[in-house]
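Chemist:
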Amino acid sequence: MNFDLSDEQKMLQESARSCLAKEFPVTTTRKAAESLTGYPEELWKKMADLGWLGLALPESYGGLGLGFVDLAVVLEEMGRELTPGPFFSTVVLAGLTLADAGSAEQKKLWLPRIASGGAKGTFAWVERSGEWDGGALVTAARRAGGKYVLNGTKYFVTYAHVADFILCLARTGKALTVFLVDAKAPGVKVEPMAIMDSSRRVSKVEFRNVAVGPRDVVGKPGAGAPIAEGVLSRACVAMAAEMAGGAQRVLEMSIEYAKARVQFGKPIGSYQAIKHKCSNMILEVESARSAAYYSAWANQEGSPDVVEVSSIAKAYASEAYRKVTGEAIQLHGGIGFTWEHPLHLYFRRAKFSELMFGDPAFHRERMLRAVEKSAA
Amino acid sequence: MNFDLSDEQKMLQESARSCLAKEFPVTTTRKAAESLTGYPEELWKKMADLGWLGLALPESYGGLGLGFVDLAVVLEEMGRELTPGPFFSTVVLAGLTLADAGSAEQKKLWLPRIASGGAKGTFAWVERSGEWDGGALVTAARRAGGKYVLNGTKYFVTYAHVADFILCLARTGKALTVFLVDAKAPGVKVEPMAIMDSSRRVSKVEFRNVAVGPRDVVGKPGAGAPIAEGVLSRACVAMAAEMAGGAQRVLEMSIEYAKARVQFGKPIGSYQAIKHKCSNMILEVESARSAAYYSAWANQEGSPDVVEVSSIAKAYASEAYRKVTGEAIQLHGGIGFTWEHPLHLYFRRAKFSELMFGDPAFHRERMLRAVEKSAA
Amino acid sequence: MDFKDTPEEAKFRAEIREWLRKNAPKGKRPGGAWTGSLIGEDSLKFHKDWQKKLYEGGWAAVAWPKEYGGRGASLMEQVIFYEEMARACAPSVVNVIGIALVGPVLIGHGTEEQKQRFLKPILSGDMIWSQGFSEPNAGSDLASLSTRAVLEGDHFVVNGQKVWTSFGTIADWILLLVRTDPSAPKHRGISCLLVDLHSPGVTIRPLVQMTGDAEFSEVFFDNVRVPQQNLVGALNDGWSIAIATLMHERGGVAVAIQVQIEQVLSSLFDLARRTGKNGRSAMEDPRIRQELARCYAEVQIARWNGYRSLTKIVKDGMPGPEGSFGKVFWTELNQRMQELALNLSGVFGLVPSGDPLTVDSGRWVYGYLRSRGNTIEGGTSEIQRNIVAERVLGLPKG
Amino acid sequence: MDFKDTPEEAKFRAEIREWLRKNAPKGKRPGGAWTGSLIGEDSLKFHKDWQKKLYEGGWAAVAWPKEYGGRGASLMEQVIFYEEMARACAPSVVNVIGIALVGPVLIGHGTEEQKQRFLKPILSGDMIWSQGFSEPNAGSDLASLSTRAVLEGDHFVVNGQKVWTSFGTIADWILLLVRTDPSAPKHRGISCLLVDLHSPGVTIRPLVQMTGDAEFSEVFFDNVRVPQQNLVGALNDGWSIAIATLMHERGGVAVAIQVQIEQVLSSLFDLARRTGKNGRSAMEDPRIRQELARCYAEVQIARWNGYRSLTKIVKDGMPGPEGSFGKVFWTELNQRMQELALNLSGVFGLVPSGDPLTVDSGRWVYGYLRSRGNTIEGGTSEIQRNIVAERVLGLPKG
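These protein sequence lines map, in sequence, to chains A, B, C and D.
Under the working numbering, the first residue of the first sequence carries the number 1, and numbering increases by one thereafter.
Under the working numbering, the first residue of the second sequence carries the number 1001, and numbering increases by one thereafter.
Under the working numbering, the first residue of the third sequence carries the number 2001, and numbering increases by one thereafter.
Under the working numbering, the first residue of the fourth sequence carries the number 3001, and numbering increases by one thereafter.
#1: Buried or exposed, going by whether 16 or more other CB atoms sit within 10 Å of the CB of alanine 3033(D)?
#2: Touch check for the stretch 295 to 305 of chain A and the stretch 244 to 254 of chain A: three-plus C-beta pairs under 8 Å?
#3: By the three-class DSSP mapping on this structure, what secondary structure does tyrosine 39(A) have?
#4: Among Glu105(A), Tyr321(A) and Gly145(A), which residue has its Cα nearest to the Cα of glycine 219(A)?
#5: Which residues, in order along the stretch 1114 to 1132 of chain B, keep a beta-carbon less than 9 Å from a beta-carbon of chain D?
#6: Checking the sheet assignment: what are the DSSP bridge partners for cysteine 2192(C)?
#7: Let me make sure I understand the geometry here. Which of Arg143(A), Asp164(A), Ala238(A) and Leu82(A) has the alpha-carbon closest to that of valine 188(A)?
#8: Exposed or buried, which one is alanine 2389(C) when buried takes at least 16 other CB atoms within 10 Å?
#9: What does asparagine 3386(D) touch in chain A if you count any residue whose Cβ is under 9 Å from its own?
#10: Distance, Cα to Cα, valine 1178(B) vs asparagine 2334(C)?
#11: What three-state label does DSSP hand leucine 1167(B) in the structure shown?
#12: Please confirm whether methionine 356(A) has its beta-carbon closer than 8 Å to some beta-carbon of chain C.
#13: Apply the 10 Å Cβ neighbour rule to histidine 332(A) and answer buried if 16 or more other Cβ atoms are within range, or exposed otherwise.
#14: Does the Cβ-Cβ distance between leucine 2101(C) and phenylalanine 2118(C) come in under 8 Å?
#15: Looking at the unbroken alpha helix (DSSP H) that takes in glutamate 3291(D), where does it start and where does it end?
#16: So with Cβ pairs under 8 Å, would you call leucine 1075(B) a contact of chain C?
#17: What residues from the stretch 3282 to 3301 of chain D come within 7 Å of chain A, judged by C-beta to C-beta, listed N to C?
#18: What span of residues does the alpha helix (DSSP H) with methionine 3001(D) cover, start to end?
#19: Pick helix, strand or coil for alanine 313(A), following the three-state DSSP scheme.
#20: In chain order, which continuous runs of the alpha helix (DSSP H) of length 4 or greater are located wholly inside the stretch 3108 to 3134 of chain D?
#21: Give me, in chain order, the residues of the same chain whose beta-carbon lies closer than 6 Å to that of methionine 3210(D); leave out the 5 immediate sequence neighbours on both sides.
#22: Of all the CB atoms in chain D, is at least one closer than 8 Å to the CB of methionine 1196(B)?
#23: With a 10 Å radius around its C-beta and 16 neighbouring C-beta atoms as the bar for buried, classify threonine 2380(C) as buried or exposed.
#24: Please name the residue, chosen from Ser198(A), Arg289(A), Val205(A) and Leu169(A), that lies closest to alanine 185(A) on a Cα-to-Cα basis.
#25: Please go through the same chain and pick out, in chain order, the residues whose beta-carbon is closer than 6 Å to the beta-carbon of tyrosine 1346(B), but skip the five residues on each side of it.
#26: State the CB to CB distance for the pair phenylalanine 2156(C) and valine 2202(C), rounded to an integer number of angstroms; the pair is presumed to be in contact (CB under 8 Å).
#27: Determine, using beta-carbon pairs with one atom in the stretch 2263 to 2283 of chain C and one in the stretch 2338 to 2350 of chain C, whether at least three such pairs fall under 8 Å.
#28: Applying a beta-carbon distance threshold of less than 7 Å, which residues of chain C neighbour aspartate 359(A)?
#29: Which bits of chain A does methionine 2210(C) rub up against, with CB to CB less than 7 Å?
#30: Find the residues of chain C that neighbour glycine 333(A), judging by a C-beta separation of less than 8 Å, and give them in chain order.
#31: Span of the beta strand (DSSP E) holding histidine 3155(D)?
#32: Using a Cβ cut-off of 8 Å (strictly closer), state whether lysine 154(A) contacts chain C.
#33: Could you tell me which chain C residues have their CB closer than 7 Å to the CB of proline 1267(B), listed as they occur along the chain?
#34: Identify, in the order they occur along the chain, each residue of the same chain with its Cβ nearer than 6 Å to the Cβ of methionine 3076(D), setting aside the five sequence neighbours on each side.
#35: Looking at chain A, is there any beta carbon in it that lies within less than 8 Å of the beta carbon of methionine 3076(D)?
What follows is the structure, given as structure tokens:
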């Protein structure tokens, strides 16, 4: 048993930290987040150059063939700086889904381009009901001749406004199917949405009579449910890693401030109320990290407890992140409540991450069902 | 608007406090609680002498004709010292129920004897299901000739082992009816139960083919549900008052200890962690008291929000009491964990009070239904 | 113990209710309806007009003595006033600092000249006030403030910086705490000045808070000259005035706050009724019901605590222990209500105002962010808890 | 990163599993099955017999070096040992203080004579040990202890009182912290003695705790004579030994604790499955499901934190930050699990062991009460949080 990063993973961690913290710190990228695309183009190029985009994609398709743990290392660092951009959507949601369930043709077409930074993808899931349960979806693909005709509206599709293709979870009769849709296809309309988390971009995507060929089915027709389950598990773990990184960064800011800020003649960090607050924060941050990495490993190894541990990681990390960012604002007092201080960006991101891909209650229920199923 | 005790009520409070704290403090009555009856007989006599037993009973039946707020004053003081004995069962559960819904004959027979200390009563409600919802009850009274035949088993009947009569909530067909049963009647079997709260006595009461006459029906046949609703509301308020008193006493012990106990060269009460703990404790104690008295007043005045506010008081006060006693043990450290220190008696009482007559979740649901009903 | 109006109270209630029925503005209002925001010309004018109307009706400051244009209303009547204002959904007054803080300070400590000059325009809303207490290095530890005022001839010369100055961008005047004796112990060298914000040397910079709004400002003083007659109370006696002011703030605000959290609760319930969750109304979800019930219960308890506190103040001139934790209680409760409201709509709950998908015009997104400030401004929850522990429970100072 | 056994670990696991299959006691056990109680003759004999069997099989102290009768097991092997003991529902050893604390202290700091004399009977369970650290006025502030030992000729004369002495009533010997230099700074004047509890002048009084059991004792020393050769380590160097001992306690206990809370979780789920709530299984109640899921998740997270900590210890000799809050994590989690279990059965959950209506032989009533001690004993949660803040996060001392 060994719960530690390898030396290579530690090097990856260091290089990611120094790249992001020095070249793309939150203090500068928050301006880019307000730009048209929502992220600096040079950041995306840098990620491609460093090999991050193909990190966990198979070597045969231009990737580095590393695992989800390596990916988690990078995601944790991105979480620290609230790195904006379509990394999560392209790599975690789209790339790994194709690598996992796509046809040889789909892989050959898209994976090398993803790895090189030449293509971006995303995954369209939630609809107006706001529910993450596949059973609630109404977007449907109707068979017409040898094709499918896709109709419906998806929301909160991350970075769809820059995506080349969109994986869309849709109903085919009673079952679900995942379709690979060209973002420029006739009938696809992408409209950016405003959200509280200004460091991430999402869109509403309308599919109106979009024609999709049988070769654009990911996996088999009707096999969308297990594919979506995999997408959800990976999204959970990736977000948990990001959240652990963000919470860690917020904790560090808080400790630094608690040591420096003097009130009543003493650094506020010498008061027990602040000490105990910080102590609770580190408990939550480290626990979130443990859960993120354990579940990353489980996903990487295809361990039978994948669903259960991914949901634990998502539920725990998002509550931890929310609490830690809230406490950090409180600890910082007035300065933490300003627009200028980056804390509120973390606070906003925490809430978005908590609700996106299912809230903690949803994941506790998902987890418990998986536990019951494996016990039965 | 005036949310304060009257001068008379303050005098009652003072006299109750000095009587109970000086003559029957928890440190001495905890021995009596292990006796056969579970309380010192002289305490009961004293209560009768002071007029407490008839405090809220009509003057026409030998009572003092005061209100539920006055009763709450006495109950709060009893809560402070965990006063054992059948006061709650006899006065709140039995006496007020007869005063509210009993026939003239029943009142004439029992109320003066209750007021003088000459008779004790109780109320039998919960069954093996553990549920407080009347719909879950199976104890049933079958009509046979001009009589009823009662069969079933009740649990957690407070001080039934010393009661002269038992009000029993039973099913008559689809409806519920309350029956007044002589505790010595053939077929009634009272068996003491062990419970975690050693300062209160409860029994299992079996009714096996117990014959009850039509004159023993309280209110009308089939009118048990609203009567039980009244019993439940009054039980909630009375327990909330007791709990507020107990929590207040525990807070006082904690403050005293925090001032006296020195570790690392300073009284532990000078450490912020202890300060904030105590600060949270007083918030909960005072809030529980506000809720107890507001709901006592609402019951006294027959205010339309009785159900709602009684359940608020019960739910809030029991969570407050549990938290305050738990924190108090923690604050006392080792000494608070000993058998000898009375803190654990309060901790036990808090848990019992929390679950008896419905747990906080039950009361939040009851409250919300009442709110919805009054809004509709 | 009695929770019904006395005949006098009932009369007062009928009077304000009737006046509001005739005079409260109807129809659509400029600006964010739910924020009571004063940002923007339209919104400021709307609120100033409303204050003028209140002033003309004699309702601008019910708590002030009659001789100064108030109604000498008892505390209970003030409660009734706020209750009826809320019932009529009447807008708040624009000059809240002037009416709730500066007016009472001047009535208590001001010279006759100061009263003559300032009280009427405060009431009418013609002279908007702000409060200059906090500084970058004097937050919880307010008494360590370092903005200096030096008497030169018949003027004070003021230098320094204030922060978290409410209404800074729309205010005409500021109630300022300054250090006038740097050699004295820190509570003893502070004075209280009335400063015209249009004076040369004053720079006001909006302080954007995490909501994106700028309710507050930073105010810089660079050799600002303030006439000596603008000193309130005695020289170096400003700390006791500041404390009295903060007390006013807490007392006055407490009543209005209760009305506000009851409105939040009511909107939260409305939202729950309208929201679907797992194919049925959120109002039918047992888990959400528990959370709603918890909020409902605590809002009532806050009200009852408030009633007890008011009764105590009326009888003894000061609140009991239940009055000391009111701010901690409502601010933390409000944070939970805002959070629950956001969560009800799932990820759609995060769409802010402006987007067509926003829930309740974005009030919950705004409220979720804004509510984080409540546990900081006007004394952090940590400071509040220390105060309760030391002053109410008598625990030794750390 | 890999969570599977290495081949060596797998071999070790197979060996202990096989031995337990053959040797672990089967059938009904004396005493409270769920408390692991040692109270009562029967129960004590049962546990002593079991320890003898472990000793004969060479399993009594896997962590000790081979030369002293242990197996020199790695930390991972110790984890495996505890996991397999739990899997086989094997009883715990009776002489836990001897094996987990006194043995390692003697191996590290004892004289050759002390090792020869004490180690073997510790292993075999023939000599039961207790630990005498806390005093009535030295709880969290342990270093302020005042039990005195004065060297007179070749004996120390000990006077004073210890409290919360575990196994006091069944122990033969005690590891005692005493003050040997009252004039030195408080951490510098403490020594560590091995004291025979059968010595004249020792009085042991059972300390009944709020559960009604007496796991602990008060021990009084009235001119107790202790031979000089029973001093462990150097004179006045006892504090560092005490700290090392407490570290041992925390490290060793952590592994066993994880197994215990997993058992609590599993029993809690069993109970929920069996319990009816509003006409259906509690396992179908959405509110209870959330609470169960929360407990389940946190138990897993405690395990993962433990794994990280173990990995760190193996690599660097000391745990990382995730190891510093383990006690706070499990003790507070356990309190919540005990509470949830009680609540599941409603008011029937409060019937203690002995009454026919009791749930799960009263284990939850007992556990609810007992769990309150966990956040106090071995360093209160408050002290633990201070330690994390100061030593891990580097915040300044108050």
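Glycine included, each C-beta is placed from N, C-alpha and C at the ideal position.
Modeler: In short, the structure shows the following:
#1: As a position in the fourth sequence, residue 3033(D) is number 33, starting the count at 1. With a pLDDT of only 45 at alanine 3033(D), under 50, the local geometry of the prediction cannot be trusted, and the value read off the model is given with reservation. Answer is exposed; the Cβ neighbour count stays below 16.
#2: Not touching, per the Cβ criterion.
#3: Position 39 of the first sequence, counted from the start, is the residue given in the question as residue 39(A). Looking at tyrosine 39(A) - three-state DSSP - the assignment turns out to be coil, as it is neither helix nor strand.
#4: As a position in the first sequence, residue 219(A) is number 219, starting the count at 1. With distances taken between Cα atoms, glycine 219(A) lies closest to Glu105(A).
#5: Val1126, Arg1128, Ser1129, Gly1130, Glu1131 and Trp1132
#6: Here residue 2192(C) corresponds to residue number 192 of the third sequence, with the count starting at 1. Paired residue(s): Leu2177(C) and Val2232(C).
#7: As a first step, residue 188(A) must be located in the first sequence, where it is residue number 188. The shortest C-alpha separation from valine 188(A) is found at Asp164(A).
#8: Within the third sequence, residue 2389(C) is the residue found at index 389, counting from 1. A residue is called buried once 16 or more other Cβ atoms fall within 10 Å of its Cβ, and alanine 2389(C) is buried on that count.
#9: Counting from one through the fourth sequence, the residue named residue 3386(D) turns up at place 386. Here the neighbours are Gln272, Lys275, His276 and Ser279.
#10: Position 178 of the second sequence, counted from the start, is the residue given in the question as residue 1178(B). Position 334 of the third sequence, counted from the start, is the residue given in the question as residue 2334(C). If you take the alpha carbons of valine 1178(B) and asparagine 2334(C), they lie about 43 Å apart.
#11: Residue numbering aside, residue 1167(B) sits at position 167 when the second sequence is read from its first letter. If DSSP states are grouped into helix, strand and coil, leucine 1167(B) belongs with the strands.
#12: One-based indexing of the first sequence puts residue 356(A) at position 356. Closer than 8 Å to some Cβ of chain C, the Cβ of methionine 356(A) qualifies, so yes.
#13: Translated into the one-based positions of the first sequence, residue 332(A) becomes position 332. With 16 or more neighbouring CB atoms inside 10 Å of its own CB, histidine 332(A) falls in the buried class.
#14: Looking up residue 2101(C) in the third sequence gives position 101. Looking up residue 2118(C) in the third sequence gives position 118. No; because the gap between Cβ atoms is not below 8 Å, this pair is not in contact.
#15: For this step, residue 3291(D) is matched to residue 291 along the fourth sequence. If you look at glutamate 3291(D), you'll find it in the alpha helix (DSSP H) that goes 3286 to 3316.
#16: In the second sequence, the residue the question calls residue 1075(B) occupies position 75. False, the Cβ-Cβ gap to chain C never drops below 8 Å.
#17: Correct list: Arg3289, Gln3290, Leu3292, Ala3293, Arg3294, Tyr3296, Ala3297, Gln3300 and Ile3301.
#18: Working through the fourth sequence from its first residue, we reach residue 3001(D) at position 1. Counted as a single uninterrupted DSSP element, the stretch harbouring methionine 3001(D) is not any alpha helix (DSSP H), since DSSP gives it neither H nor E.
#19: Here residue 313(A) corresponds to residue number 313 of the first sequence, with the count starting at 1. Correct three-state label for alanine 313(A): helix.
#20: 3112 to 3124
#21: As a first step, residue 3210(D) is located in the fourth sequence; it is residue number 210 there, counting from the start. Cβ within range, chain order: Leu3369.
#22: Counted from its first residue, the second sequence places residue 1196(B) at position 196. Interface residue (Cβ-Cβ distance to chain D less than 8 Å): methionine 1196(B) is classified as such.
#23: For the purposes of this step, residue 2380(C) is taken as residue 380 along the third sequence, with counting starting at 1. Classification of threonine 2380(C): buried, given that the 10 Å Cβ count is 16 or more.
#24: Reading the first sequence from its first residue, position 185 is the one you call residue 185(A). With distances taken between Cα atoms, alanine 185(A) lies closest to Val205(A).
#25: Here residue 1346(B) corresponds to residue number 346 of the second sequence, with the count starting at 1. So the qualifying residues of the chain are Gly1246, Val1250 and Thr1325.
#26: What you label residue 2156(C) is simply residue 156 of the third sequence in a count that begins at 1. What you label residue 2202(C) is simply residue 202 of the third sequence in a count that begins at 1. Between valine 2202(C) and phenylalanine 2156(C) the Cβ distance is about 13 Å, and since that is not below 8 Å, they are no contact.
#27: yes
#28: Locating residue 359(A) in the first sequence gives position 359, where the first residue counts as 1. Within chain C, the residues near aspartate 359(A) are Asn2343 and Gly2346.
#29: As a working mapping, residue 2210(C) is identified with position 210 in the third sequence. Per Cβ cutoff of 7 Å: Phe337, Thr338, Trp339 and His344.
#30: Stepping through the first sequence from its first residue, residue 333(A) is reached at position 333. Glycine 333(A) reaches chain C at Gly2139, Ser2140, Ile2376 and Thr2380, counting residues in chain order whose Cβ is nearer than 8 Å.
#31: Here the question's residue 3155(D) lines up with position 155 in the fourth sequence. Histidine 3155(D) -> beta strand (DSSP E) spans 3155 to 3166.
#32: Along the first sequence, read from residue 1 onward, the residue named residue 154(A) stands at position 154. No, no contact with chain C.
#33: Reading the second sequence from its first residue, position 267 is the one you call residue 1267(B). The contacting residues are Pro2396.
#34: Within the fourth sequence, numbered from 1, the residue matching residue 3076(D) stands at position 76. Once the five neighbours on either side are set aside, the close Cβ partners of methionine 3076(D) are Glu3009.
#35: Indexing the fourth sequence from 1 puts residue 3076(D) at position 76. It does; some Cβ of chain A falls within 8 Å.
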